[in-house]
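Data first, discussion second: the structure below is written as structure tokens.
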Amino acid sequence: MRGPLNRTDTGGRSHALALGATYPYWTALPYRELPVAQRPASRSYDVVIVGAGLTGALAAEALSDGRRSVLVVDRRMPLAGSTSASAALILSELDAPLTALSASIGQERAERLWHRSATAVEKLLSLIARLGIDCGLSTRKSLYLAGDRMDAEAMAAEARARNLTGLRSQFIPRDALMAQYGIDRPAALLSSMAAALNPVQLTAGLLAAVARRGGEIVANTEVLDARQSGGRIHLLTSDGDFLSAGHVIFCTGYDIPDGLQPHESQIMSTWAIASEAGCARPRWLDATLLREASAHGLHIRTTPDGRILARGEEEPDPFAYHAPDKLAEKTARLADRVSTLIGMDIGKPEHAWSGAFGTTPLGLPVIGEIPGLPQAWAILGYGSNGMTFSQIAADIVLAAIHGRDDPDAMLFSYPEGSLNRMPA
Numbered sequence: 001m002r003g004p005l006n007r008t009d010t011g012g013r014s015h016a017l018a019l020g021a022t023y024p025y026w027t028a029l030p031y032r033e034l035p036v037a038q039r040p041a042s043r044s045y046d047v048v049i050v051g052a053g054l055t056g057a058l059a060a061e062a063l064s065d066g067r068r069s070v071l072v073v074d075r076r077m078p079l080a081g082s083t084s085a086s087a088a089l090i091l092s093e094l095d096a097p098l099t100a101l102s103a104s105i106g107q108e109r110a111e112r113l114w115h116r117s118a119t120a121v122e123k124l125l126s127l128i129a130r131l132g133i134d135c136g137l138s139t140r141k142s143l144y145l146a147g148d149r150m151d152a153e154a155m156a157a158e159a160r161a162r163n164l165t166g167l168r169s170q171f172i173p174r175d176a177l178m179a180q181y182g183i184d185r186p187a188a189l190l191s192s193m194a195a196a197l198n199p200v201q202l203t204a205g206l207l208a209a210v211a212r213r214g215g216e217i218v219a220n221t222e223v224l225d226a227r228q229s230g231g232r233i234h235l236l237t238s239d240g241d242f243l244s245a246g247h248v249i250f251c252t253g254y255d256i257p258d259g260l261q262p263h264e265s266q267i268m269s270t271w272a273i274a275s276e277a278g279c280a281r282p283r284w285l286d287a288t289l290l291r292e293a294s295a296h297g298l299h300i301r302t303t304p305d306g307r308i309l310a311r312g313e314e315e316p317d318p319f320a321y322h323a324p325d326k327l328a329e330k331t332a333r334l335a336d337r338v339s340t341l342i343g344m345d346i347g348k349p350e351h352a353w354s355g356a357f358g359t360t361p362l363g364l365p366v367i368g369e370i371p372g373l374p375q376a377w378a379i380l381g382y383g384s385n386g387m388t389f390s391q392i393a394a395d396i397v398l399a400a401i402h403g404r405d406d407p408d409a410m411l412f413s414y415p416e417g418s419l420n421r422m423p424a
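The numbers in the sequence shown follow full-length UniProt numbering, run straight up by one, and end at 424.
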């Protein structure tokens with residue numbers, strides 16, 4: 001049995017500054033309209049998914065296969081949380097380098113995690129193609145630049161480790177990096193398993209597929225309480241409804257209910273910008289995701305209409321992203337960093353926004369059954385690989401509900417004694 005689920009409202013929302021737009025870039029673009037209700041049509045479901053962002057949409061799509069009734073419920077409107085604030089870089093590379101991860105958890109486990117991430121990217125791209133979702137998807141290369149967290153020697157060691165386990169990665173020394181990309185850094189790693197897309201359009205497409213199969217989508221309804229008895233999970237909503245489910249999956253992004261957040265996790269603030277359409281940029285950037293191994297983070301991509309979109313300037317403060325003065329300062333710095341790095345002035349950002357994301361010491365997600373609450377699952381996609389981890393989570397939870405073992409499930413499950421507290 002488990003008691004009330006109270007949220008600490010620090011993450012998962014975007015805060016924007018009036019720099020020509022007061023919202024994340026993706027929300028300015030058209031996306032598929034969804035059939036959204038304000039109350040559930042039933043009181044009993046096979047699966048209830050809490051959260052109508054990308055993570056919840058992927059889980060719902062996997063589970064709405066005609067074998068069970070599925071309800072997706074969100075305390076906001078669908079797509080309104082951290083999904084809309086995402087930079088939407090689809091990466092097979094984990095936040096933790098393979099060499100560092102091997103030193104922390106062992107080479108065999110680290111290699112399994114990296115290979116599973118690469119497989120997840122392939123599966124996600126295949127799913128988008130199979131469902132015919134128009135979300136601006138384009139495959140890219142990934143260029144990872146040396147920074148204050150990895151020097152040239154560490155980059156060379158990382159390239160060797162990746163290639164030895166079959167994860168192809170090219171080490172690029174300073175001279176070649178300058179000649180090919182015009183970037184003055186000690187070294188870089190070039191990989192091919194990456195992509196970029198529109199996260200709002202993708203999520204809307206997934207939820208539309210769920211609705212076509214009979215799944216329900218309910219907005220502006222919060223799950224306040226979850227208890228297990230009689231082989232069912234019993235939920236209390238903010239509308240006073242009592243729901244019963246065979247399984248519940250919490251996909252609330254970084255807006256995590258108290259009692260579900262592992263004690264080693266941390267909420268970070270981050271900032272993002274999108275330039276004007278058709279801004280000055282090197283031609284290679286349209287085919288490449290650009291990242292930097294730095295403490296403050298830098299992720300750069302382009303959009304189909306020729307904008308540069310960048311995210312970074314992270315701070316270990318769950319509330320900093322709310323401050324308007326921080327937003328002005330951080331987004332101006334982001335624009336300067338991007339312009340300096342690529343050697344071209346990208347101009348004043350047309351869109352600027354901020355948000356929060358979660359992280360763990362190893363940058364890995366938590367995916368698993370909640371300790372003390374059988375048949376209830378949490379998908380907490382920490383780090384910069386949230387979309388990749390969401391695909392992994394959908395596969396793991398689907399296998400468990402079908403009574404199958406996923407060989408990598410234990411790599412992501414709640415560590416013993418890892419919850420901050422158990423609700424009363």
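Glycine is no exception: its CB is placed at the ideal position from the N, C-alpha and C atoms.
Q: Indicate whether the contact test is met: 3 or more Cβ pairs, each with one atom in the stretch 129 to 142 and one in the stretch 171 to 188, closer than 8 Å.
A: Result no; under three Cβ-Cβ pairs closer than 8 Å.
(Q) Restricting to Cα atoms, I'd like to know which of Thr139, Glu108, Gly368 is closest to Leu260. (A) Checking every option, the nearest Cα to that of Leu260 belongs to Gly368.
Q | Bounding residues of the beta strand (DSSP E) (the contiguous stretch that carries Pro173) | A | According to the DSSP assignment, Pro173 belongs to the beta strand (DSSP E) that extends over 170 to 173.
Q. Ends of the beta strand (DSSP E) at Ala188?
A. Boundaries of the beta strand (DSSP E) harbouring Ala188: 187 to 196, taken from the DSSP string.
Q. For Val366, does the three-state DSSP call read helix, strand or coil?
A. The answer is strand: DSSP assigns Val366 an E or B state.
Q) Is Asp305 helix, strand or coil by DSSP? A) Correct three-state label for Asp305: coil.
Q) Which term fits Met77, buried or exposed, when burial requires 16 or more other beta carbons within 10 angstroms of its beta carbon? A) Its Cβ having fewer than 16 others within 10 Å, Met77 is exposed.
Q: Using DSSP bridges, identify the partner residues of Tyr45.
A: According to DSSP, which records beta bridges pairwise, Tyr45 is partnered with Ala245.
Q. What residues in its chain sit with their C-beta under 7 Å from that of Ala21, if we drop five residues either side in the sequence?
A. Caution is warranted here: a pLDDT of 41 is assigned to Ala21, below 50, making its placement in the model unreliable, and no coordinate value can be reported.
Q) Excluding five sequence neighbours on each side, which residues of the same chain lie with their C-beta closer than 6 Å to the C-beta of Ser92? A) Around Ser92: Ser117, Ala118, Val121, Met193.
Q. Going by beta carbon distance, what residues of the same chain come within less than 8 Å of Lys141, once the five residues before and after it are set aside?
A. Exclusion of the five residues before and after Lys141 leaves Leu190, Ser191, Ser192, Ala194, Ala287, Thr288, Leu289 as the residues of its chain whose Cβ lies within less than 8 Å of its Cβ.
Q: Using only alpha-carbon positions, find the residue among His296, Phe319, Thr331, Lys326 that is nearest to Leu309.
A: Comparing Cα positions, the closest option is Thr331.
Q.
Starting from Asp225, trace the beta strand (DSSP E) in both directions and tell me its first and last residue.
A. Unbroken beta strand (DSSP E) run through Asp225: 223 to 229.
Q) Using a Cβ-Cβ cut-off of 8 Å (strictly less than) and excluding sequence neighbours within five positions of Val210, which residues of its own chain qualify? A) Taken in chain order, the residues that qualify are Ala57, Ala60, Glu61, Ser64, Val70, Val72, Ile217.
Q. Apart from the five residues on each side of it in sequence, which residues of its chain come closer than 8 Å, Cβ to Cβ, to Ala409?
A. Only Ile367, Gly368, Ile396, Ala399, Ala400 meet the Cβ criterion.
Q) Counting pairs of Cβ atoms below 8 Å between the stretch 241 to 255 and the stretch 45 to 52, do you hit three or more? A) Yes, the stretch 241 to 255 touches the stretch 45 to 52.
Q) First and last residue of the beta strand (DSSP E) that includes Met268? A) Segment 266 to 274, the beta strand (DSSP E) holding Met268.
Q: With DSSP as the reference, please indicate the residues paired to Met150 in a beta bridge.
A: Within the DSSP secondary-structure output, Met150 pairs in a beta bridge with Gly147.
Q | Run of the alpha helix (DSSP H) containing Phe412, from where it starts to where it stops | A | Counting along the chain, the unbroken alpha helix (DSSP H) around Phe412 starts and ends at 409 to 412.
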